[in-house]
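These notes concern the structure reproduced below.
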Amino acid sequence: MKKFLFALSVSLFSITCFAVDLEYKGFYQRLDLIKENKLDQITMGFYLVDSYKRTRCEMEKATMLAQGTEPSDIAIADDGQLLVPYSRDLYDKFALLRVKLKDEYQNCILQMQMQVKDKTKRDFSFAELALITSQMQQLVDEFGSFLWFMMPQVSGLHIELSSPENIAYINEKLKPALVCEQEKCKLAIDNENQSFDKAISFDLAPKIIAPWIKDD
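Going by the working numbering, the letters in the sequence shown line up with residues 45 to 260, in that order.
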């Protein structure tokens with residue numbers, strides 16, 4: 045269960061072709077769960093990755109196709125994130141997202157990543173870190189539905205830095221909770237600490253901040 049939810053990535057499709065067609069329904073259901081629970085600090089990132097190397101696939105464009113509407117391209121972020129819109133209309137029209145790959149021989153899978161919504165944010169207070177972690181836990185429990193009590197606990201945050209020396213400041217109280225190996229860091233979070241004191245800041249915004257599940 046932990047490995048399924050919290051690397052945190054979920055593989056949905058594996059297709060070898062020049063274009064990959066993905067049902068919009070799956071995107072919408074996950075984005076709707078976040079909106080319904082008012083989880084404003086987090087989102088679900090969508091990526092295509094190589095099924096063998098787990099590296100990001102290069103894409104030429106991604107186009108939304110729906111009954112009765114003109115095809116429309118969606119944005120692809122610099123890091124390969126598919127910026128899929130939240131739209132009840134697209135859901136009702138059984139829309140498809142068609143992604144054109146640069147390498148027609150590459151075998152790509154769709155990967156989902158629970159992550160902090162604002163990828164430009166560089167400064168965090170203790171209260172903000174606690175809120176992010178608690179919202180991630182809430183979404184984990186929602187994924188488990190009536191089996192929420194069996195879902196793993198979010199112990200803190202997995203932070204991928206822009207560079208190994210990218211931490212500009214860390215509060216003395218937080219230093220024992222941070223463990224880094226090059227750009228990959230694990231930060232244990234105390235959800236009871238609601239202080240608005242600065243906890244950590246970065247010279248450049250982290251590439252990604254995702255849930256961290258402590259191994260048993």
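Cβ coordinates follow ideal geometry from the N, Cα and C atoms, glycine included.
Bear in mind that the values here come from a model prediction, so they are computed numbers and not experimental data.
Tell me, which residues are paired with residue 92 by DSSP?
Counting from one through the sequence shown, the residue named residue 92 turns up at place 48. 154, per the DSSP bridge assignment.
Let me make sure I understand the geometry here. Which of 102, 173, 98 and 68 has the alpha-carbon closest to that of residue 124?
Counting from one through the sequence shown, the residue named residue 124 turns up at place 80. Closest by alpha carbon: 102.
Hey, would you say residue 158 sits closer than 8 Å to residue 175, going by beta carbons?
Position 114 of the sequence shown, counted from the first residue, corresponds to residue 158. Position 131 of the sequence shown, counted from the first residue, corresponds to residue 175. No, these two residues do not count as a Cβ contact at 8 Å.
Between residue 233 and residue 196, is the Cβ-Cβ spacing less than 8 Å?
Start at 1 with the first residue of the sequence shown, and residue 233 comes out as number 189. Start at 1 with the first residue of the sequence shown, and residue 196 comes out as number 152. Not a contact, by the Cβ cut-off of 8 Å.
If you draw a straight line from the C-alpha of residue 74 to the C-alpha of residue 130, how long is it?
Mapped onto the sequence shown, residue 74 falls at position 30. Mapped onto the sequence shown, residue 130 falls at position 86. Taking the straight line joining both Cα atoms gives about 10 Å.
Expressed to the nearest angstrom, what Euclidean distance is found between the alpha-carbon atoms of residue 145 and residue 259?
Working through the sequence shown from its first residue, we reach residue 145 at position 101. Working through the sequence shown from its first residue, we reach residue 259 at position 215. Cα to Cα, residue 145 sits roughly 36 Å from residue 259.
On the DSSP letters alone, give me the boundaries of the beta strand (DSSP E) that residue 147 sits inside.
Residue 147 sits at position 103 when you count from the first residue of the sequence shown. Counting along the chain, residue 147 falls outside any beta strand (DSSP E), and DSSP gives it neither H nor E.
Quick check on DSSP: helix, strand or coil for residue 257?
The residue given as residue 257 occupies position 213 in the sequence shown. Correct three-state label for residue 257: coil.
Let me confirm a value: residue 90 is counted as buried when at least 16 other C-beta atoms fall within 10 Å, else exposed. Which label applies?
On the sequence shown, residue 90 is found 46 positions in, with the first residue counted as 1. Classification of residue 90: buried, given that the 10 Å Cβ count is 16 or more.
In chain order, what residues of the same chain have a beta carbon less than 6 Å from the beta carbon of residue 178, not counting five sequence neighbours either side?
Numbered from its first residue, the sequence shown carries residue 178 at position 134. Cβ within range, chain order: 235.
Near residue 240, which residues of its chain fall below 8 Å by C-beta distance, leaving aside the five closest residues on each side in sequence?
As a first step, residue 240 must be located in the sequence shown, where it is residue number 196. Answer for residue 240: 169, 170 and 171, listed in chain order.
Here's a check: name, in chain order, each residue in its chain whose Cβ is nearer than 7 Å to the Cβ of residue 93, leaving out the five neighbours to either side.
Within the sequence shown, the letter at position 49 stands for residue 93. Hits under 7 Å: 99, 100, 101, 152, 153 and 155.
For residue 72, does the three-state DSSP call read helix, strand or coil?
Taking the first residue of the sequence shown as position 1, residue 72 is located at position 28. Three-state result, residue 72: helix.
According to DSSP, simplified to helix, strand and coil, what is residue 245?
Within the sequence shown, the letter at position 201 stands for residue 245. In the structure shown, residue 245 sits in a strand (DSSP, three-state: E or B).
Is it true that the CB of residue 128 sits closer than 8 Å to the CB of residue 62?
Within the sequence shown, the letter at position 18 stands for residue 62. Within the sequence shown, the letter at position 84 stands for residue 128. No, the pair does not count as a contact, with Cβ atoms beyond the cut-off.
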